[in-house]
Every structure is written in C-alpha cells, then in structure tokens.
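Enquirer: Here it is, the structure, as structure tokens.
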Amino acid sequence: MKNKTKHLSQFQLALGEFKRSKRGLICLWILIVLYSSAFSADFLSPYHYADENRNHSYAPPTKIHVVHDGKLNPPFVYGQTFSFDKFHKRVYEQDKKVKYSLKIFVKSDQHKFLGIVPINRRLFGVESPGRLYLLGADSRGRDLFSRLLYGARISLSIGLIGVAISFTLGLLVGGIAGYYGGKIDNIIMRVCEMFMMVPGFYLMLALRSAVPDNFNSFQVYLSIVVILSFIGWAGLARIIRGMAISLREREYVLAARAIGVSDFKIIVRHILPHTVSYSIVAIMLSIPGYILGEAALSLIGLGIQDPIASWGNMLSDSMGIAHIKFHPWVLVPGFFIFMTVMSFNVVGDVLRDCLDPLMKGTKS
Amino acid sequence: MENIISIKNLIVSVQDKDKKRRILDDISVDIKKDTITALVGESGSGKTTCALSILRLLSDALKIESGTLEFESQPLLKLSLKQMQNIRGKEIGMVFQEPLNAFNPLFTISFQINEVLQYHTNLNKKQRQARVLELLDVVGIEDVVRVSKNYPHQLSGGMRQRAMIAVAIASNPKLLIADEPTSNLDVTLQARIIELFKDLKVKLNFSIILITHDLGLVEHLADEAIVMKEGKIVEKASVVELLNNPQQQYTKELLNAIK
Numbered sequence: 007m008k009n010k011t012k013h014l015s016q017f018q019l020a021l022g023e024f025k026r027s028k029r030g031l032i033c034l035w036i037l038i039v040l041y042s043s044a045f046s047a048d049f050l051s052p053y054h055y056a057d058e059n060r061n062h063s064y065a066p067p068t069k070i071h072v073v074h075d076g077k078l079n080p081p082f083v084y085g086q087t088f089s090f091d092k093f094h095k096r097v098y099e100q101d102k103k104v105k106y107s108l109k110i111f112v113k114s115d116q117h118k119f120l121g122i123v124p125i126n127r128r129l130f131g132v133e134s135p136g137r138l139y140l141l142g143a144d145s146r147g148r149d150l151f152s153r154l155l156y157g158a159r160i161s162l163s164i165g166l167i168g169v170a171i172s173f174t175l176g177l178l179v180g181g182i183a184g185y186y187g188g189k190i191d192n193i194i195m196r197v198c199e200m201f202m203m204v205p206g207f208y209l210m211l212a213l214r215s216a217v218p219d220n221f222n223s224f225q226v227y228l229s230i231v232v233i234l235s236f237i238g239w240a241g242l243a244r245i246i247r248g249m250a251i252s253l254r255e256r257e258y259v260l261a262a263r264a265i266g267v268s269d270f271k272i273i274v275r276h277i278l279p280h281t282v283s284y285s286i287v288a289i290m291l292s293i294p295g296y297i298l299g300e301a302a303l304s305l306i307g308l309g310i311q312d313p314i315a316s317w318g319n320m321l322s323d324s325m326g327i328a329h330i331k332f333h334p335w336v337l338v339p340g341f342f343i344f345m346t347v348m349s350f351n352v353v354g355d356v357l358r359d360c361l362d363p364l365m366k367g368t369k370s
Numbered sequence: 055m056e057n058i059i060s061i062k063n064l065i066v067s068v069q070d071k072d073k074k075r076r077i078l079d080d081i082s083v084d085i086k087k088d089t090i091t092a093l094v095g096e097s098g099s100g101k102t103t104c105a106l107s108i109l110r111l112l113s114d115a116l117k118i119e120s121g122t123l124e125f126e127s128q129p130l131l132k133l134s135l136k137q138m139q140n141i142r143g144k145e146i147g148m149v150f151q152e153p154l155n156a157f158n159p160l161f162t163i164s165f166q167i168n169e170v171l172q173y174h175t176n177l178n179k180k181q182r183q184a185r186v187l188e189l190l191d192v193v194g195i196e197d198v199v200r201v202s203k204n205y206p207h208q209l210s211g212g213m214r215q216r217a218m219i220a221v222a223i224a225s226n227p228k229l230l231i232a233d234e235p236t237s238n239l240d241v242t243l244q245a246r247i248i249e250l251f252k253d254l255k256v257k258l259n260f261s262i263i264l265i266t267h268d269l270g271l272v273e274h275l276a277d278e279a280i281v282m283k284e285g286k287i288v289e290k291a292s293v294v295e296l297l298n299n300p301q302q303q304y305t306k307e308l309l310n311a312i313k
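These protein sequence lines are chains A and B, in that order. Positions in the first sequence are counted from 1; adding 6 to them yields this note's numbering. Positions in the second sequence are counted from 1; adding 54 to them yields this note's numbering.
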C-alpha cells in the first residue's frame, strides 16, 4: 500500500490562501503588468526616452481618430500646429489637412532591447513626422508614455535591488548578532541604532552629497541603490536578531552543532530559513520605501538626472501650480508611483495574512 | 582495556546571582572502550551536562571551571573550535531525547543525514545519496526511499528516533552519546530501539554512553553504570554488580523505587 495522502507544504498552503484573496490577486497582476512592461520598454514604447521635439512642448495627449471626412479609416492621428495665446502660452490645434496612420510593428531607428539584443521595430507608432503622445508630452516634447515605461525600469528595479542588498545585510548581521549574543550582539546592535537614530531622509541627502558629481548615470543609479539600502538594513537586522535569539535555543540548533556544523552554516541553514515567512512580508512592505526614496531624491533633483527617465525626475516637471493647471498630464508618473506602492502594500498585507495564521484577521 | 573518555576533576558551574552553583562537582571517571556505559540518576543530577561538556556544547550560562576531558587521550578542552567541530559528529555522535525537536522541521530527513556526510566524509553527491539510503536501512527503516524524502513531522515517533540514530552513526563514530533515547517511546518501541542499539554496537563497533533514568533500560543494555546525584558520582560499577549488590544508600533507593 502506498501512502496517497498528499502533504501540502507551508508554501503551497499559503499560495492557496493567497489565491482566494481578490485584492491580493488584483494588485499582484498590476505589479506583474508594470514589471513586464518596464522589462519590454524598448519594444512597447513608441519613442526613445530622450527622443525630443521642441515643437511639441507640453503637447496634450494625441487624439486617435478613425473617421476622416465622414469616412471610416484605419486608426490615424492628425498633425499638430500651435499658436500663442495672450499669456504667450502655446495652444495646440489639430491640423486636419495632414493625417498619419497608426501602425503596429512600426520600423524605427536601430536600438538595443535591454541594451543587448539589437531590434529596429517598436510595437506601435505613427509615420514620421507625425508624433504620437498617448499621455501628452513634457516640456521638451518628449513622449510621456515612453518615458514612463523607461522610467519604470529605474523606479521599479531600485526597489528590488535595494531590498536585495539591505535584506542580505540585515539578515546576516541580525543572524550573527542574535546567534552569538553577548559582546558581539551588543556592538552590532549599537551600530544599528546609530543608523536608525538619524532620520532616513536626511541621512539619504547626506550620503548623496558624498557621491562624486562626475559619476555617469549608471554609477549614479548604483550609488542611489546603495544609499537607499544602507538606510534600510538596520531595522530589519534588529528584528532578525530578536528571532535568532529565540531560534538558537531550539534543539535542532544544538543537534546541528553536535554534528559539527560551523557557526556560519548554522546561521544560514538552521536559523535564517525560519525567519522566511516574516522576511517575505517585510520585503514586500519595504519595497515601496525604496521606490519612494528614489522618487523623492529625483524629485528634488538629486537622483537620476535628465535625460534619463525615472518616475521621480519626471514628476519634478510638475512642480508648480501652473504645470498642474495647464498640462495636468505631467502628474501621471505620480499616479503610477501611487499604484505601485499601493499594490506592494496590499500584496504584502495579504501575504502576511496567508503566511502567519496567528496574525489572521488583525489589522496593521 | 583502553579508555575512550577520561574525565578528571571536572567542575561545571552556573553563575547564580552573586554566587556560583556547581552543576558538576569534581567529577572523575573513566569510560572504557567497547562498552555501553550508563549514566543514571534523577533529573537535574548532571547527566546531560556531563555528556554535553564532552562535546563542549554547554549553553552559555554554564562554564567549565576546571578539570580535564580526554577523548582517546586528546585533551578536548584544549582543542580549537575547528578541531572540535571535526570531532563532533565524526568521532562522537549524539542521539537526542526528542527527535522531533532535534530535526530541523524545514528540511527532509535525507538532507539532514547528508549534512553530516558533507562535513565528515569525502563522498560525492551521488555516493552520499546512496549512503543516506544505506544508513536508513541499517537502522531498520523499511521504506527507505520514501522516508528519506519525508520531513520530520511526517514520520512516526519510532521512525524519527531511528532516523536520528542514522544521523548519529552516519560517519562511523567511535562513541555514541544517547541522551534518554527511549523515554519518549512506548514500551514495545523501546524494546526495538534497545535491540537496534545492541545490534549496531556489534556491527559498527563503537562505545555508547547511555544517559537514562530508566534502570530497566540499564539492565537490558548497559555493561557499566555510573550513578549520579546532585552533580556528584555516587557509585560506579558493572551493571550486574550494581543491580545485585548496590553499595550506596542512594543506589538502593533508586533500585527500590522501581521494584
């Protein structure tokens, strides 16, 4: 007789639980869509992020038409002209004499997908010299939609990389402090408290000012990631330390020592894996912090520099009441930041309910 | 006969507010090779502390104050942590009282036996896998492939204890320390585990230190017995002698307690 009972692992149980939560699933899908479109930005966006046309500064979202002269046409856009009003502000009008048809798999300049695979097509676009602005244009006449996709690469990846760095650091440091205890614990925890004591945003500004200003954009990106994760690890380390202190008293830790496992392996194999259900939730809930941190730095002009797009530096275009009044579409990146942060929070929240049966039903 | 373990004037104490309390009070004892030596005594008499200090695995609160511990004439207290880790699990295996707690619930049985082999043998991955199954077979588990893939909580108490023994004997240790190996099992299972120990001792030729409060177990399994009380050794004799002709008052009381 074979034992047919299927044992569900804790992970499978949690997954089943997660599937039953509608808001969790919706937010997870939002995240999946956002991340996959950021991944394929080179193909999805109609223009390169730096592709500018000053004749279309702050052009409103382009209308897509199907009817021309009372006849049905394949989708197309009209050309655009502008005049100045009495405040010397551009007023755009559709030029119904010229029309550019909308095409899929349109040929474009040679560029590289993810900087590796050369491609020369984009998913959609209009014939040159027509311009397609799905979400409007910014001050330099760059397509906001394209910049949003390219910017998502930076804004969304900073969360993941930052979390990866700070969690590796936090888990190891916390694990070491908790496992050894005594003097080592004392020293490590005092250092952590020093980091936690300084308000995060000011520490971030201070660290940013220490970065040399001749860095290229990639180096700036890396230094921002490092700065952000430098701030986040201490709080985590303290919690992991607390868990490690209780876990090291378990008999299987003694048993592992009795078979000669080294201290480092005990921490990595026998202590840290038991903090995983806490860590997954903490990771989900701390990613928004990194996204917001990058946005805040870039918003005030200390983060990612133009012309490279990030959601934060795109938003800096919208500082000032005039921008919000006359071309409100520059606020779109803010909406996406909001969506992402909210989705991570909801997914984290639902995950916590799934992974920790004791916390079920309690509101944080 | 040679001694496998030789303890001299061992004092282990715990800091209790402002005064030190001795958990092991000046213990000197030799444990002979190829014997099963039982450490008998009531709870708190220092049996487990004695065993753990051999492996130098005492908790932080307990300190070895003085004395020497020799394992095959190696001074254990003078070894580096690295050398000590090479003895733990390789030369001295340990069987714990409650295997459910002594196995890490996140890993399969196979993984946890593998861990010993990884540290103390030069076998490659495939050989280790084969060895895991072989070990499970040696300790009398029938459905070895399934059991090796199971997690600790999926096994019955007896199976878990057998798997625990498999971990302890994985690298052919010279000494096995068994800390109350049967006290969580029912009587029939106890009998089978006792048989297993006897069997393994003949097959693999190691010495055993058996920590127990169960004199029945001592009678069936052990050759020598050391009676402990409040951190001191009360009496040491061969089992036959101890059971038939106890010298000390405390030993007599212990024997009377089970009659």
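Beta carbons: idealized from backbone N, C-alpha and C, even for Gly.
Can you give me the C-alpha to C-alpha distance between A/Leu-234 and A/Ile-171, rounded to a whole angstrom?
Expert: So the two alpha carbons sit approximately 9 Å from each other.
Enquirer: By Cβ distance, which residues of its chain are closer than 7 Å to B/Leu-316, with the 5 residues on each side in sequence left out?
Expert: Look at the range of chain B in this structure, 55 to 313, and you will see that residue 316 of chain B is not part of it.
Enquirer: Between which two residues does the alpha helix (DSSP H) holding A/Pro-387 run?
Expert: Because chain A here runs from 7 to 370, residue 387 of chain A falls outside it and cannot be looked at.
Enquirer: Using beta-carbon positions only, say whether A/Gly-176 and A/Arg-247 come within less than 7 Å of one another.
Expert: No, these two residues do not count as a Cβ contact at 7 Å.
Enquirer: Quick check: A/Ser-392 and A/Pro-80, are their CB atoms within less than 7 Å of each other?
Expert: Nothing about residue 392 of chain A can be reported from this structure: the residues present for chain A run from 7 to 370 only.
Enquirer: Quick one: is A/Ala-216 near chain B, going by C-beta distance under 7 Å?
Expert: For A/Ala-216, the answer is no, since every Cβ of chain B falls outside 7 Å of its Cβ.
Enquirer: Below 7 Å between beta carbons: does that hold for A/Val-336 and A/Ser-322?
Expert: No, these two residues do not count as a Cβ contact at 7 Å.
Enquirer: Compute the beta-carbon to beta-carbon distance between B/Val-66 and B/Thr-122, rounded to the nearest angstrom, for a pair I have assumed lies under 8 Å.
Expert: 13 Å between Cβ atoms; not a contact.
Enquirer: Tell me which residue opens and which closes the alpha helix (DSSP H) that B/Val-66 is part of.
Expert: Taken as a continuous stretch (DSSP letters only), B/Val-66 belongs to no alpha helix (DSSP H), being part of the beta strand (DSSP E) at 57-70.
Enquirer: Using the Cβ count rule (16 or more neighbours within 10 Å means buried), how would you classify A/Glu-199?
Expert: Per the 10 Å Cβ criterion, exposed.
Enquirer: A/Arg-256 touches chain B at which residues, Cβ-Cβ below 8 Å?
Expert: Within chain B, the residues near A/Arg-256 are Asn-155.
Enquirer: Mind checking whether the beta-carbon of B/Lys-290 lies closer than 6 Å to any heavy atom of the ligand ZN?
Expert: Because no ligand of any kind appears in the structure shown, any question about the ligand ZN cannot be addressed here.
Enquirer: Where DSSP assigns a beta bridge to A/His-117, which residues make up the other side?
Expert: Partner(s): A/Ile-125.
Enquirer: Using the C-alpha atoms, what's the distance from B/Ile-312 back to B/Leu-296?
Expert: For B/Leu-296 and B/Ile-312, the distance between alpha carbons rounds to 14 Å.
Enquirer: Where A/Asp-57 and A/Tyr-139 are concerned, what is the direct C-alpha to C-alpha distance, given to the nearest angstrom?
Expert: Rounded to the nearest angstrom, the two C-alpha atoms are 12 Å apart.
Enquirer: Among residues of its own chain, excluding the 5 on either side of A/Ala-158, which ones have a beta-carbon nearer than 6 Å to its beta-carbon?
Expert: Around A/Ala-158: Ala-44.
Enquirer: At least one CB of chain A closer than 7 Å to the CB of B/Val-68: is that the case?
Expert: Judged by the 7 Å Cβ criterion, B/Val-68 is not in contact with chain A.
Enquirer: Start and end of the beta strand (DSSP E) containing B/Val-281?
Expert: Its beta strand (DSSP E) spans residues 278-283.
Enquirer: Name, please, each residue of chain B whose Cβ falls closer than 7 Å to the Cβ of A/His-117.
Expert: Going along chain B, no residue has its Cβ under 7 Å from A/His-117, so there is no contact; the nearest lies around 45 Å.
Enquirer: Restricting to Cα atoms, I'd like to know which of A/Ala-261, A/Val-287, A/Ala-288 is closest to A/Arg-275.
Expert: Answer by Cα proximity: A/Ala-261.
Enquirer: Output the distance between the C-alpha atoms of A/Leu-166 and A/Glu-99, rounded to the nearest integer angstrom.
Expert: Approximately 43 Å between the Cα atoms of the pair.
Enquirer: Mind pulling the beta strand (DSSP E) runs of 3 or more residues that sit fully within the stretch 203-258 of chain B?
Expert: Segments of the beta strand (DSSP E) lying fully in the stretch 203-258 of chain B: 229-233.
Enquirer: So is B/Met-148 in contact with chain A if we call contact Cβ pairs under 7 Å?
Expert: B/Met-148 counts as touching chain A.
Enquirer: Give the residues from the stretch 168-181 of chain B that approach chain A closer than 7 Å (Cβ to any Cβ), ordered along the chain.
Expert: The stretch 168-181 of chain B vs chain A, Cβ under 7 Å: Glu-169, Val-170, Tyr-173, His-174.
Enquirer: Measuring alpha carbon to alpha carbon, tell me which of B/Asp-70, B/Lys-283, B/Leu-177 ends up nearest B/Ile-81.
Expert: With distances taken between Cα atoms, B/Ile-81 lies closest to B/Lys-283.
Enquirer: Between the C-alpha atoms of A/Phe-236 and B/Ala-105, what's the straight-line distance to the nearest angstrom?
Expert: Roughly 45 Å separates the two Cα atoms.
Enquirer: So what does DSSP say about A/His-276, is it helix, strand or coil?
Expert: It is helical.
Enquirer: Could you tell me the alpha carbon to alpha carbon distance between B/Asp-277 and B/Ala-291, rounded to whole angstroms?
Expert: B/Asp-277 and B/Ala-291: Cα-Cα distance of roughly 9 Å.
Enquirer: Classify A/Asp-48 as helix, strand or coil using the three-state DSSP reduction.
Expert: DSSP places A/Asp-48 in helix when its eight states are reduced to three.
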